[in-house]
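Per this note's numbering, the sequence shown starts with residue 1394, numbered consecutively.
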Amino acid sequence: MSTCGKHLFYRDRKEWNDITPVPQDDNGRHIVNIAYSEEFVDAHDYFRAVLLKNELSERTFSLTSEILLMNPANYTAWEYRRRIIKEISSDLNAELRFVGSLIEEYSKNYQLWHHRQWIVEELSKQTANGSCNSLTHLSSDELRFTDDVISDDPKNYHAWQHRRWIVTFFKISVEEELAFTERMLLTDVHNNSAWNHRFYIITLDEGLSSSVLTREIDFVQKRISFAPNNESSWNYFYGLLVPLVHNRKYIISSETSKLSDEKSSSNVIDLMPKLQLMLKFVEDLMAVDHTVVDCLAPLSFLVEVYTDYLELHFMKQVNGGNGTSGKQDR
């Protein structure tokens, strides 16, 4: 009997006697032979065979487990496994634990995160039918999971993207996510991933109203005062203006009380005073901390804000003081 340590080859398993293994056919196109292990070759020969037969069973499910433990990036194996799961109604919570254990070791593997998202979507369907835990419990578990991964690797793109998806999919409260980003930035104010996540929350989920803009300007200014040469916080600071400067419905002078194109002016933001306050903040910061003058990030910020300020001031004069801007692209 062929064994390697405690491993039992598929070719020696009685329950697999009905399957004829299909060897890999490189057709002589390879430059050098890849030194696959004997276990790898054996398992994949049987994997190709059942894949051709489209066998969706418990044994093929177990086979994909072994295949994916050997190579978690095998897209074909993951796609096949998903079809098997649906066919045999496999335990999705167990599957969540399986992929979670792989993510712990291969946290930057796209296929793992994609599969986890699929499982969560399937579990949420079961929840809607009353056959598993509540959506609140599921969403909380996913947030905790991403929190753990991000704690180990604060700039893990895949974990942040998954968290972003969870927030959108489950409609997580804005307050909860803002608190999360604040904790992350308290740990590392240079974490660009946390800044990006916060920006998505306030622009896509909360909405960049005048009160939100005022709050976020205060928030980022405090972080900048702590680390004046942190490019991430300066980018966030200017990023608060970008969707406003490029969207004419937000631009209004202090003399204007309403807009003809809007049902209400309550959400309209007077940008000119905001720009003036931003410029004053940088000037005051440079006056207090002379090293800021030599920092590239604040200087770049000044150039951008001065440009926007002058353009808006010019458009205000051209339009007779109504402050609307035809500026759509820069």
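Glycine residues also receive a C-beta, built at the ideal position from the N, C-alpha and C atoms.
For Gln1554, the enclosing alpha helix (DSSP H) begins and ends at Tyr1550 to Phe1562.
For Asp1545, the uninterrupted alpha helix (DSSP H) segment begins and ends at Leu1528 to Asp1545. Within the segment 1426-1503, the complete alpha helix (DSSP H) segments at least 4 residues long are 1431-1446, 1451-1463, 1468-1481 and 1485-1498, listed from N- to C-terminus. Contact between the segment 1585-1605 and the segment 1544-1561 is established, with three or more Cβ pairs separated by less than 8 Å. Taken through DSSP and simplified to helix, strand or coil, His1508 comes out as helix.
Between Thr1574 and Arg1557, the C-beta spacing is not below 8 Å.
Here Leu1401 carries a strand assignment [DSSP, helix/strand/coil]. The alpha-carbon separation between Trp1409 and Phe1538 amounts to approximately 37 Å. Inter-residue distance for Glu1459 and Lys1518 is about 28 Å (C-alpha atoms, whole angstroms). The beta-carbon separation of Leu1485 and Glu1515, rounded to 6 Å, stays under the 8 Å limit for a contact.
Between Ala1552 and the set Lys1564, Ser1566, Glu1535 and Glu1624, the nearest pair of CA atoms involves Glu1535. Residue nearest to Gly1493 within the set Asp1598, Tyr1473, Leu1461 and Leu1634 is Leu1461 (criterion: CA-CA distance). For the 8 Å CB-CB criterion, Phe1440 and Ile1481 do not form a contact.
Per the C-alpha coordinates, the member of Ala1466, Ile1594 and Ile1543 positioned closest to Ile1565 is Ile1594. Ala1436 has its alpha-carbon roughly 19 Å from the corresponding atom of Arg1476. Bounds of the alpha helix (DSSP H) holding Ile1610 are Ser1603 to Phe1619. Secondary structure at Gln1710: helix, using DSSP grouped into helix, strand and coil. The C-alpha of Phe1563 lies about 17 Å from the C-alpha of Thr1596.
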